[in-house]
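Residue numbers (this note's numbering): 90 to 546. Where is the CB? At the ideal position from N, CA and C, for every residue including glycine. Quantities reported herein were computed from a predicted structural model and do not represent experimental measurements.
Pasting the structure below:
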């Protein structure tokens, strides 16, 4: 069994690893690079392998940095099955159609401004490309081990990161490979805890927060309450950049859970994301894979997805009308790194207001607007305009959908015998710290993956 690393190897986005086993070539994830303009342009590059040579794609979950280049892969010759957990398969077209729409809009806007005689800008892929790719999707339940090719078995277990997120176990050639995808924290609302795995010969492990410890969850929730109260007293709005899958639903859950304590009825809550609205409907269909506490909450008087003061916008005009509200509004909008989506327009209009509060609730990649804001930028450039940052910027780390160093170490401790580890999906400073801790505690060999490198087991 051989693994070739091509993405999220030395960085957080763009997950993509090729596994050669049983005479077949499997692609673990096919993610989009996110962050700087240069990183996003590199998504147009040729794949570092022939897409037609891939026999199957296996998806860990539906976040765009793990699935965002799938339509491009099929456009360029991949004909095999795309294997995904059931909820992931339902989220997949929502995510990819939104991505395609953004790609088409960006290309159209660029073409209106291009000089005569210059080549036409084409989108990375189109909505038609997404529709063709979806024809190749095949679903798999949690914990069910199946043979996908003679001598090659596949099993998904719950990773506790977002709805449908999975750790991937591939067995073949007498070896067991486990790929974490993205691992969630224990006690994350709605989701079940990451499921332990007893055995592996090789582990491909994410390391996003390999050098950090998250704030205690109770402390984090109390902090959110204080931010909301301060914003109310200041007479401003609260802007929350959040991805449509996972974080948006968790925020609504905490609003419902703290309805009386935070006096949530005084706010207008706006989920400014048509995609998030579709995701909520998928969540509503999959209560069976919620944790027990969430299943009870969904039956209570304050269902997080049906709060009485919740407005879920659909149209651009509805989104624009939110900007006319200068106080008393909590706006949750994508994307979570403020590198695109409707949150950009809200930040453009409200960052200059000292009454505004901006609350970041997830990882901010290098090169993104979100990263510049949490790093303390006094001026930022949005839509070709220089914008003064007078708003109050808050970073709430305890809501991360990723396990921190302690969580990763704890999950690794679930193996009966510590397997060899290759760290992916993390910047070097995080990976080096996690590698050191794993080696010290478990005496295990730990490697850091880089693009173009391979390991054999």
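Per DSSP, the bridge partner or partners of residue i
{"i": "residue 242", "result": "236, 260"}
{"i": "residue 508", "result": "Note: residue 508 sits in no beta bridge, so no partner."}
{"i": "residue 49", "result": "Residue 49 lies beyond the stretch modelled for the chain, which goes from 90 to 546, so this question has no answer here."}
{"i": "residue 351", "result": "For residue 351, which the question treats as bridged, DSSP gives no partner whatsoever."}
{"i": "residue 475", "result": "470"}
{"i": "residue 139", "result": "Bridge partners of residue 139: none, in fact."}
{"i": "residue 545", "result": "91"}
{"i": "residue 178", "result": "For residue 178, which the question treats as bridged, DSSP gives no partner whatsoever."}
{"i": "residue 105", "result": "96"}
{"i": "residue 357", "result": "418"}
For residue j and residue i, the rounded distance between their alpha carbons
{"i": "residue 459", "j": "residue 477", "result": "15 Å"}
{"i": "residue 490", "j": "residue 277", "result": "8 Å"}
{"i": "residue 376", "j": "residue 327", "result": "29 Å"}
{"i": "residue 431", "j": "residue 245", "result": "34 Å"}
{"i": "residue 165", "j": "residue 487", "result": "40 Å"}
{"i": "residue 204", "j": "residue 137", "result": "32 Å"}
{"i": "residue 171", "j": "residue 227", "result": "6 Å"}
{"i": "residue 262", "j": "residue 523", "result": "29 Å"}
{"i": "residue 134", "j": "residue 122", "result": "11 Å"}
{"i": "residue 387", "j": "residue 115", "result": "38 Å"}
{"i": "residue 314", "j": "residue 302", "result": "21 Å"}
{"i": "residue 407", "j": "residue 146", "result": "38 Å"}
{"i": "residue 312", "j": "residue 291", "result": "39 Å"}
{"i": "residue 424", "j": "residue 155", "result": "15 Å"}
{"i": "residue 503", "j": "residue 435", "result": "44 Å"}
{"i": "residue 543", "j": "residue 300", "result": "25 Å"}
{"i": "residue 363", "j": "residue 260", "result": "39 Å"}
{"i": "residue 200", "j": "residue 192", "result": "12 Å"}
{"i": "residue 508", "j": "residue 537", "result": "15 Å"}
{"i": "residue 257", "j": "residue 242", "result": "10 Å"}
{"i": "residue 475", "j": "residue 427", "result": "16 Å"}
{"i": "residue 289", "j": "residue 373", "result": "34 Å"}
{"i": "residue 365", "j": "residue 402", "result": "10 Å"}
{"i": "residue 393", "j": "residue 545", "result": "47 Å"}
{"i": "residue 337", "j": "residue 443", "result": "25 Å"}
{"i": "residue 222", "j": "residue 140", "result": "13 Å"}
{"i": "residue 219", "j": "residue 160", "result": "5 Å"}
Buried or exposed (CB count within 10 angstroms, at least 16 for buried), residue i
{"i": "residue 168", "result": "exposed"}
{"i": "residue 91", "result": "exposed"}
{"i": "residue 163", "result": "buried"}
{"i": "residue 367", "result": "buried"}
{"i": "residue 520", "result": "buried"}
{"i": "residue 493", "result": "buried"}
{"i": "residue 321", "result": "buried"}
{"i": "residue 197", "result": "exposed"}
{"i": "residue 518", "result": "exposed"}
{"i": "residue 339", "result": "buried"}
{"i": "residue 414", "result": "exposed"}
{"i": "residue 274", "result": "buried"}
{"i": "residue 467", "result": "exposed"}
{"i": "residue 532", "result": "exposed"}
{"i": "residue 541", "result": "exposed"}
{"i": "residue 384", "result": "exposed"}
{"i": "residue 194", "result": "exposed"}
{"i": "residue 287", "result": "exposed"}
{"i": "residue 206", "result": "exposed"}
Residue i: first and last residue of the uninterrupted alpha helix (DSSP H) it sits in
{"i": "residue 371", "result": "363 to 374"}
{"i": "residue 300", "result": "From DSSP, residue 300 is part of no alpha helix (DSSP H); its letter is neither H nor E."}
{"i": "residue 527", "result": "517 to 531"}
{"i": "residue 219", "result": "216 to 223"}
{"i": "residue 405", "result": "405 to 411"}
{"i": "residue 498", "result": "494 to 501"}
{"i": "residue 294", "result": "Note, residue 294: premise wrong, no alpha helix (DSSP H); beta strand (DSSP E) at 291 to 295."}
{"i": "residue 397", "result": "Residue 397 -> no alpha helix (DSSP H), and no H or E assigned at all."}
{"i": "residue 434", "result": "432 to 439"}
{"i": "residue 113", "result": "Unbroken run through residue 113 is the beta strand (DSSP E), 113 to 117; no alpha helix (DSSP H)."}
Cβ separation of residue i and residue j, assumed to be a contact under 8 Å, to the nearest whole Å
{"i": "residue 236", "j": "residue 149", "result": "So it is not a contact: roughly 20 Å between Cβ atoms."}
{"i": "residue 453", "j": "residue 463", "result": "5 Å"}
{"i": "residue 447", "j": "residue 485", "result": "Not a contact, Cβ separation roughly 11 Å."}
{"i": "residue 272", "j": "residue 253", "result": "The pair is not a contact, with the Cβ atoms about 14 Å apart (cut-off 8 Å)."}
{"i": "residue 496", "j": "residue 296", "result": "In fact, because the Cβ distance is near 11 Å, the residues do not count as touching under 8 Å."}
{"i": "residue 420", "j": "residue 356", "result": "Their Cβ separation, rounded to whole angstroms, is 10 Å, which puts residue 420 and residue 356 out of contact at 8 Å."}
{"i": "residue 190", "j": "residue 216", "result": "7 Å"}
Host beta strand (DSSP E) of residue i (start-end)
{"i": "residue 536", "result": "535 to 537"}
{"i": "residue 228", "result": "226 to 229"}
{"i": "residue 155", "result": "Where residue 155 is concerned, there is no enclosing beta strand (DSSP E), although the alpha helix (DSSP H) it sits in stretches over 153 to 156."}
{"i": "residue 91", "result": "91 to 96"}
{"i": "residue 484", "result": "481 to 484"}
{"i": "residue 174", "result": "171 to 174"}
{"i": "residue 449", "result": "446 to 449"}
Minimum Cβ-Cβ distance from residue i to chain D less than 8 Å
{"i": "residue 248", "result": "You won't find chain D in this structure, because it holds only one protein chain."}
The ligand NAD heavy atom lying under 7 Å from the CB of residue i
{"i": "residue 184", "result": "The model on display carries no ligand, and the ligand NAD is accordingly not part of it."}
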